[in-house]
Structure formats: C-alpha cells, structure tokens
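Contents: one structure, followed by commentary.
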Amino acid sequence: MGAGRFAPSPSGELHLGNLRTAILAWLFARSTNRRFLLRIEDLDRARAGAEELQLADLRAIGLEWDGPTVRQTERTELYTAAIEELRSRDLLFECFCTRRDITEASSAPHAAPGTYPGTCRDLSASEREAKRAVRPAALRLRSDTHEFAITDVLHGRFTGIVDDFVVLRNDSVPAYNLAVVVDDGIQGIDQVVRGDDLLTSAPRQAYLAQLLGYRVPTYAHVQLALNGEGRRLAKRDGSVTLGQLAQHGTSPEAARTMILASLGLPTSSLDAALDAFDPTLLPTHPWVFTTDPNALGTGKPIGWPS
Ligand code: GLU
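Start counting the sequence shown at 445; every next residue gets the next number (my numbering).
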C-alpha cells in the first residue's frame, strides 16, 4: 500500500491555509486507499512548542494519521547515507559561494534567474583547498540535466528547472530538497500533496529521487489560501489560527466547516467530505480568506470563501 503525507515545518502555529492543505493531503491519501503519514520537518525553522501545537490542531479538526510521527532531526543518519552514496558516485561537489555570489552571477544576461550558475563545479583541488580555508563548503548535486518533468494531478505535466542544487548546507545540515526526497523514498510515500509554492521544487526532487533509486511520487500541488490583499495567508492576518479563532468563539469544528466549504465539499464530517471527494471538482481558484469583523464574537464562522 502506498502512502501520502503532511509534512509541516514546526515554525509556528498552523493557520487555516496549512490546515486546508493537511485536510487535502488526507483526502487525497484516503480516497486512493493510501496510508496517511505525518512528518515534522524540523531541520530548520523549528520553534520550541510549535510541533505540539500543530499536532493538537490537526487532531482538533479531526485528522488522524497512521503510525508514529517522524521527525527529520531524528533521521540524520539516513540523509548522511544518501549523501555518501551520491558522493561515492561522484555526483557531488563542494561549493563555497555566498548567496550574494550566486545572485550576482545568476543575474548575468542569459542566466536563468535563481539557478546556480556552476561557479564551483569544476574547481581544481588546490582551488578547493584555498577556499576551504576561507569558508566551509556546501555540497551540491552535479546534475546532468537542466530540467525535469513531473506529473501533477492538478497541474498536469510540469517541466521545471533542475540545477546543481544544495544537498548539504555549509552548516552541515541536510538541505530540504535532499531530506524530503530521502524521507518520501524511505517512508514509501508515493503521493505528495502540498502547497503550490513548492511546485517548482518538484522537478529537482523528482530528479534526485530517481537518481537515488526511489519511485517518483504522484504530485498534487494545491492552491494556497490568500488574504484579502491576494497575498499568501499568514498568522499576522489575524483570526487564522485555531487559537486566534477560539478567542472569537469559533470552534475547531467551525474552522473545519469553513475549510470544507471552501473546497466545495460536504461540511458535516471529514468522512462525508471523503465520500464526495473528487480532485477534478476542486476549485481552480485560490481560497481568499477575509475576516469579517462584524461576525467576530457571534460564534458564527467567519471568512466564508469570497
Ligand atoms: N515542510 C514544508 C513546509 O511546511 C513542506 C514540504 C513538503 O510538503 O514537501 O512548507
């Protein structure tokens, strides 16, 4: 049996947009008879107490997952093993560039913006030696392509950039793109549902997955929730976390109702939504969540999809 997952970074409380993505990941997994796993991506951006709050909020809206919750910080030997394998196949090189070096080099005419320009790819042993004395190296993948195509349930075939991306940061922390691929591969995850801000990362990850011999998962990059100004919903928008909503008398069930309504699904329970779930019928426009001050404190759900 395959598996889907939700993989939050414990950087703070989840907001309605994150909870909506979690519900979608659960719906996609359960409607395709997959297990649903929860993974805490705490390699960076971890804030004390955030994981507990996130898990409590997921439970409060009725989500259940299979097996134990895994934490990336407890899996570093798996990432190290993958890095060693890539190194033994001569697929890595040391990179000493600063962010600024890369921005400057990649803003040159004809360079694809935001992609690694190859500066350190072919340094000689003595050049590397000299640079190591100045700053620690990150490890980058020696990629043999410039693009890779993935299949996304919602976006169809998507071809995106694959450059020599970082797999080990220069502070020795495995990079997100490596950890996510190793985890999905080892956990048997064959369905990745997450926000569409990560769509452009999927080709890099799929490329790495097949290099490491993992099956490339099916993807569904779902629309992010937006605030009234059309920007990505954030905690500072107010009344968007379960904690903030509770202060205005809105229960977790009411929050789940709002989310399911925004997806055009029955709102009575997650199981009712699951029975009706059909990815082809999902809204194709983002969910714009605006808080209506007049509804605050009335106990009525606020922020119905506009
Ligand atoms: N940890 C990432 C985030 O919270 C999600 C990564 C993924 O789903 O691949 O944005």
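No residue lacks a Cβ here, since even glycine has one placed at the ideal position from N, Cα and C. Since this is a predicted model, take the numbers as computed values, not measurements.
Coarse secondary structure for residue i, derived from DSSP in three states
i: W470; result: helix
i: Q654; result: helix
i: W748; result: Low confidence applies here, because W748 scores a pLDDT of 48, under 50, leaving its location unreliable; read the following figure in that light. Note: W748 maps to coil in three-state DSSP.
i: D719; result: helix
i: G743; result: Interpretation of G743 is limited by its pLDDT of 39, a score under 50 that renders its predicted location unreliable; the figure taken from the coordinates is listed afterwards. Coil, per DSSP.
i: P647; result: helix
i: A582; result: strand
i: I633; result: strand
i: G562; result: coil
i: T662; result: strand
Alpha-carbon spacing of residue i relative to residue j, whole angstroms
i: K575; j: A469; result: 44 Å
i: L686; j: L530; result: 42 Å
i: Q498; j: R700; result: 15 Å
i: S550; j: C564; result: 13 Å
i: F480; j: T542; result: 38 Å
i: E495; j: S532; result: 36 Å
i: D719; j: Q654; result: 34 Å
i: D607; j: D588; result: 9 Å
i: P557; j: F592; result: 17 Å
i: T742; j: I630; result: With a pLDDT of only 42 at T742, under the threshold of 50, the placement of this residue in the model should not be trusted, and no figure is reported.
i: S712; j: L482; result: 24 Å
i: R519; j: A525; result: 10 Å
i: P727; j: N621; result: 29 Å
Cβ pair residue i, residue j closer than 8 Å
i: R478; j: G446; result: yes
i: V636; j: D627; result: no
i: L471; j: A717; result: yes
i: I505; j: P710; result: no
i: E538; j: A569; result: no
i: L612; j: A619; result: yes
i: R586; j: L656; result: no
i: K679; j: G456; result: yes
i: P723; j: A664; result: yes
i: R491; j: P452; result: no
i: G448; j: I633; result: yes
i: F733; j: L677; result: yes
i: L458; j: D486; result: no
i: L583; j: I527; result: yes
Any non-hydrogen atom of the ligand SAH within 7 Å of residue i CB
i: D486; result: No copy of the ligand SAH appears in this structure; the ligands present are the ligand GLU.
> If we count Cβ pairs, one from each stretch, closer than 8 Å, do we get three or more for the stretch 655-668 versus the stretch 628-642?
Replying inline: yes
> Got a list of residues with beta-carbon closer than 6 Å to any non-hydrogen atom of the ligand GLU, in chain order?
Replying inline: A451, P452, S453, E485, V624, R638, L642
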